[in-house]
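Reviewing the structure listed below.
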Amino acid sequence: MPVPRVIVEVMPKPEILDPQGKAVHGALPRLGFTGVTDVRQGKRFELTVESADEATLAEIARMAETLLSNPVIEDYAVRVDPA
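Residue numbering for the sequence shown follows the numbering used here, starting at 5 and increasing by one per position.
Written out as structure tokens, the structure reads:
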């Protein structure tokens, strides 16, 4: 049986400036890439867990709230990896 994996994606809140995303956005045309209108850079955490039940997902949400993200400036999403 496959081992469950939970993905936590952390992104800057829309109203927060994203200097890393802006730097990437500015570099793309200089490298010959066109058609990209905006870039937001975030973080992705892959957690291998014993079980992906509701209690585990709630605990991971608490992890995301207290350690993996800064809730003042970042939003996060928790999902089970279907693979």
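Backbone N, C-alpha and C define an ideal beta-carbon position, used for all residues, glycine too.
Using three-state DSSP, classify residue i as helix, strand or coil.
{"i": "Leu51", "result": "strand"}
{"i": "Val28", "result": "helix"}
Just grab the DSSP bridge partners of residue i for me.
{"i": "Asp79", "result": "Met15"}
{"i": "Val40", "result": "BP columns for Val40 are empty, so no partner."}
{"i": "Arg9", "result": "Thr52"}
Apply the 10 Å Cβ neighbour rule to residue i and answer buried if 16 or more other Cβ atoms are within range, or exposed otherwise.
{"i": "Ile64", "result": "buried"}
{"i": "Leu21", "result": "exposed"}
{"i": "Pro33", "result": "exposed"}
{"i": "Ala62", "result": "exposed"}
{"i": "Leu72", "result": "buried"}
Just to confirm, are residue i and residue j a CB contact at a threshold of 8 angstroms?
{"i": "Glu69", "j": "Gly46", "result": "no"}
{"i": "Ile77", "j": "Pro16", "result": "yes"}
Segment contact flag, the region 6-14 with the region 42-58, C-beta cutoff 8 angstroms, min 3 pairs: yes
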